[in-house]
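Working notes, beginning with the structure itself.
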Amino acid sequence: MCIQMMGIDHTRASIDVRSVFSFTKANISKAMETWKEIPGLLGCVMIATCNRMELWASVQEDTQIDLFDLVCREKEADPQQYRKYAVSRSGKDAVQHLFELSCGLKSKILGEDQIITQVKDALAFAREQYAADNVLEVLFRMAVTAGKKVKTEVVLSEKNSSAIHRAVEVLKQEGCTFAGKKCMVIGNGEMGKLSATLLAEEGADVTVTVRQYRSGVVDIPRGCKRIDYGERMSLLPACDYVVSATASPNYTLKEEQVREVFCGKSLVMIDLAVPRDIEMTVGDLPGITLYDIDYFDGGHQSEQMKDNIAKAREILEDQMKEFFAWYEGRDIVEMAQKVKTAAVEDFHLRTQKQLRQLEHIGEMDLEDQEELLQKFREYIESAAGKVVNKMLFGLRARVSEKTFRECVEALEEIYEE
């Protein structure tokens, strides 16, 4: 069995390329129904975020599966056109990547808080689709545990880390202010709520759009207003900032729509979605400055942060050793369980006759009972000894004298503890 992954992320691909390979939950579910039928593919998990798409698989040894081709088929994309943006890893390299990813070392914003949840949710969704096998289950669970351990013991970010936190931080460094400004947040998912909450904390007057069919059940962050998504264009001319963060496959703001209502005053638009929410040419309109998620990069690392990263990698190394100990010994565990089951059955077969005699012990007088129990105890000891002897001398006949001696010495040490 082999662990493999293929990914396209922010380190090699622009938003437009990542948009080609963006997956919704519905897309993933449909794809997994196909992938599960591929001979030799034992399990799969997909991580799909704004900054990356990764397909993970456990594959039978000697089975050749091109994960990139599988994804391209689902997206009807030309593999030759996009292969240069993809990275494939297997074995230890893949495991190390996932562990580093889970604690934020691979994130566009170092140490971001959302990635652990995204990795955990990816496994949970694959489990719901009956797509994750035991190897990927253990790998992803241990990677999440490692990520939490790093988060607890090492500081990888000086404050809350997310795309909107970084966006606000960078814009403030460039002279933007938010207090008293009118902001519209398009989208009320996780990133939309986070954006609205942060802008409100900065003192902005925040309005959140809500789809009409959901308007009766959606919670709006404290201190924010709400309007129906269909009314967003009427509010836009009064805004100083617009943040769009949806999972929609379509534009939330098109150039033609904005041009019709925009009055030409200064307006900052922040597009945190992949694929894009705001048509790129909107940024060409006079008075509008459009930022996408790639604009807000992590930047320079201090010497202290480099030391913290080194400490994080030391923690991950220990956690990975635990995973490989399990991975390399999982066949031994299965074999040991078979031996245990066979030995128990052997013991039961040897004691069945004596156990049947005990069924009538209540009909005996006390002296006969005591005599029968004594014989039963002696027989149990004898039966147990025969089972152990069968294993020991059977082992001796099948391995070298040196190996057999090492095994017996190890057992002797165990029972001396």
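When you read off a place in the sequence shown, starting at 1, and then add 23, the result is the number in the numbering used here. A virtual CB, placed ideally from N, CA and C, is assigned to each residue, including glycine.
In this structure, the alpha-carbon of GLU386 lies about 24 Å from that of HIS371. Secondary structure of ALA147 (DSSP, three-state): helix. Proximity of the segment 25-32 to the segment 97-114 meets the contact definition, three or more beta-carbon pairs being nearer than 8 Å.
The DSSP assignment places complete alpha helix (DSSP H) segments of no fewer than 4 residues inside the segment 137-222 at 137-151, 157-176, 186-196, in order along the chain. Boundaries of the alpha helix (DSSP H) harbouring CYS430: 424-439, taken from the DSSP string. With 16 or more other Cβ atoms from the protein chains shown falling within 10 Å of its own Cβ, ALA227 counts as buried.
With contacts defined as CB atoms closer than 8 Å, VAL68 and LEU124 fail to qualify as a contacting pair. Of the residues LYS204, CYS206, GLY134, TYR264, the one whose Cα lies closest to the Cα of MET328 is GLY134. In this structure, the CA atom of CYS286 is about 9 Å from the CA atom of GLY310.
Following the DSSP letters along the chain, one finds GLU278 inside the alpha helix (DSSP H) bounded by residues 278-284.
If you ignore the 5 residues before and after ALA335, its C-beta comes within less than 7 Å of the C-beta of CYS126, LEU128, VAL173, VAL177, LEU179, all in its own chain and listed in chain order. About 43 Å separates the CB atoms of GLN377 and TYR350; that is not less than 8 Å, and the two are not in contact.
Residue environment for ARG400: exposed (fewer than 16 other C-beta atoms within 10 angstroms of its C-beta). Check the Cα spacing between LEU93 and each of CYS73, LYS53, HIS120, ASP116: the tightest is with LYS53. Around the C-beta of ASP116, fewer than 16 other C-beta atoms lie within 10 Å, and the residue is accordingly described as exposed. In this structure, ASP300 is the residue among VAL161, LYS248, ASP300, MET343 with its C-alpha nearest to the C-alpha of SER42.
DSSP places CYS95 in no beta strand (DSSP E) but in the uninterrupted alpha helix (DSSP H) bounded by 90-98. Nearest to ASP315 by alpha-carbon distance, out of ILE209, ALA149, ARG245, ILE38, is ILE38. Of the residues ALA155, ASP156, ALA169, the one whose Cα lies closest to the Cα of THR140 is ALA169.
Residue pairing by DSSP puts MET76 in a beta bridge opposite ILE31, ALA71. Rounded to the nearest angstrom, the gap between the Cα atoms of THR86 and LEU65 is 11 Å.
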